[in-house]
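A short worksheet on the structure shown next.
Residue numbers (the numbering used here): 132 to 265.
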């Protein structure tokens, strides 16, 4: 079985990405959002950039993930709540230093942890889109 050759021409400046990651973690607004919305961690592997969000009080049907050019948007709002008070919508927007629409993006949600994988090797469709959670 032949392996499909990975596309590597994404025009990503990896030095710029390293600087962006450092700046992201040193930004006090990041810490503020971690406390008031939900916590996010960013990881990098040889094949992916991984965004991990802690959403313990939500189900996968309560979560929306969208890719818009250089932005990753994560929204969480409880659907069908039995209380009369409106549910607070929580969200995080992560601005990447490159267009993530050009990368394959997929997500998983298990045990209250949302993981979003942005591939370094697989090309995306180049359009804004929603990411389906299993």
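Each residue gets a CB set at the ideal place from its N, CA and C atoms; glycine is no exception.
The structure displayed is predicted, hence computed values, not measured ones.
| Considering only residues of the same chain and omitting the five flanking positions on each side of residue 206, which have a CB-CB separation below 6 Å? | The residue you call residue 206 lines up with position 75 of the chain shown. Here the set comprises 195, 222.
| field | Rounded separation between residue 199 and residue 250 - CA only | value | Looking up residue 199 in the chain shown gives position 68. Looking up residue 250 in the chain shown gives position 119. Taken atom to atom, the span from the alpha-carbon of residue 199 to that of residue 250 is near 15 Å.
| query | How is residue 183 classed by DSSP in three states: helix, strand or coil? | reply | By one-based count along the chain shown, residue 183 stands at place 52. Strand.
| request: Work out the CA separation of residue 170 and residue 234 for me, nearest whole Å. | output: One-based indexing of the chain shown puts residue 234 at position 103. One-based indexing of the chain shown puts residue 170 at position 39. If you draw a straight line from the Cα of residue 234 to the Cα of residue 170, it is about 24 Å long.
| query | Between the C-alpha atoms of residue 247 and residue 178, what's the straight-line distance to the nearest angstrom? | reply | Stepping through the chain shown from its first residue, residue 247 is reached at position 116. Stepping through the chain shown from its first residue, residue 178 is reached at position 47. For residue 247 and residue 178, the distance between alpha carbons rounds to 13 Å.
| task | Could you name the residues that DSSP lists as bridge partners for residue 196? | result | Residue numbering aside, residue 196 sits at position 65 when the chain shown is read from its first letter. Secondary-structure assignment with DSSP links residue 196 through a beta bridge to 205, 262.
| query | For residue 165, does the three-state DSSP call read helix, strand or coil? | reply | Residue mapping note: residue 165 aligns to position 34 of the chain shown, counting from 1. The three-state secondary structure of residue 165, taken from DSSP, is helix.
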